Amino acid sequence: MKCRLIKMKRNSVVFLILSLLVAVRISAQVSGWELSGGLQSFYIPAPGFHVNSLQPVVQAGRTFGFSPSSTMGITMRIGYSRNRYQGDAVYVQSLVGYFPSFGQHLQGGVALGLGYQRSFYSGSSWQWDGQAWEKGRSSRTVWQVPIQFRLGYRTPGATGDWTPFIAYQVHGQFKYSPDLTPLPVSNFLIGVQYAPNKPE
Numbered sequence: 003m004k005c006r007l008i009k010m011k012r013n014s015v016v017f018l019i020l021s022l023l024v025a026v027r028i029s030a031q032v033s034g035w036e037l038s039g040g041l042q043s044f045y046i047p048a049p050g051f052h053v054n055s056l057q058p059v060v061q062a063g064r065t066f067g068f069s070p071s072s073t074m075g076i077t078m079r080i081g082y083s084r085n086r087y088q089g090d091a092v093y094v095q096s097l098v099g100y101f102p103s104f105g106q107h108l109q110g111g112v113a114l115g116l117g118y119q120r121s122f123y124s125g126s127s128w129q130w131d132g133q134a135w136e137k138g139r140s141s142r143t144v145w146q147v148p149i150q151f152r153l154g155y156r157t158p159g160a161t162g163d164w165t166p167f168i169a170y171q172v173h174g175q176f177k178y179s180p181d182l183t184p185l186p187v188s189n190f191l192i193g194v195q196y197a198p199n200k201p202e
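Residue numbers for the sequence shown follow our numbering, so the first one is 3 and each next one is one higher.
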């Protein structure tokens, strides 16, 4: 019964996210694409935490603005992270962001959202059931709560604006383990965003 309730809650969350994305896509006036890459570490900028075991990460996404003049938008993103210890992972994220401009070219950004990640291991893990070791799963799913800060330099082009940016994203991984929830993960990113002049 408990498993069914959990599954229903998950389906409800996924349904709400997809519904919101469809609604925003229909009403959106401007849109853009983004691509970024960098390094990932199990770290947060707080005493007692240190950047170690840096692993590569890449992300691609699309941002939908609420109106041509709006500084608010929602981003749907997919990502892949390489990790030799915790397993390679793929994930999807949905973030609501605020992207103010400073002068003609500088653009800031802060975004908060929800994500879903699945990590894959080279072999099945072993779990202790209290009496004996049992073969576990070869993958694990976790929920993410990402927060991203970015700073970019917008350059107008013939067909749209190009904005190279640097970003720092931290997210908590929930359900990673009973003792490490949420598990903090940091992404140090460099990327570029493209926003066409006319709605697609």
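Backbone N, C-alpha and C fix where the C-beta goes; we use that ideal spot for every residue, glycine too.
Predicted, not measured: the structure shown is a model, and the values here were computed from it.
When the alpha-carbon of A169 is set against those of L185, S55, V60, N54, the nearest one is in V60. For Y45, there is no enclosing beta strand (DSSP E), as DSSP marks it with neither H nor E. When rounded, the separation of the alpha-carbon atoms in V92 and L114 is 19 angstroms.
Bounds of the beta strand (DSSP E) holding G115 are 108–122. Per DSSP, the continuous beta strand (DSSP E) segment holding L153 begins and ends at 141–155. With respect to S38, Q57 sits apart: the two C-beta atoms are not nearer than 8 angstroms.
Inclusion of Q119 and V144 in the CB contact set at 8 angstroms is warranted, their separation being smaller than that value.
According to the DSSP assignment, R79 belongs to the beta strand (DSSP E) that extends over 74–83. Within the same chain, L23, G63, R64, S96 come within 7 angstroms of M78 by CB-CB distance, once the 5 residues on both sides are set aside. Under the three-state reduction of DSSP output, G159 falls in the coil class, being neither helix nor strand. DSSP places S96 in the strand class (E or B) of the three-state scheme. DSSP, reduced to helix, strand and coil, places R64 within a strand of the structure shown.
For F190, the uninterrupted beta strand (DSSP E) run begins and ends at 185–198, by DSSP.
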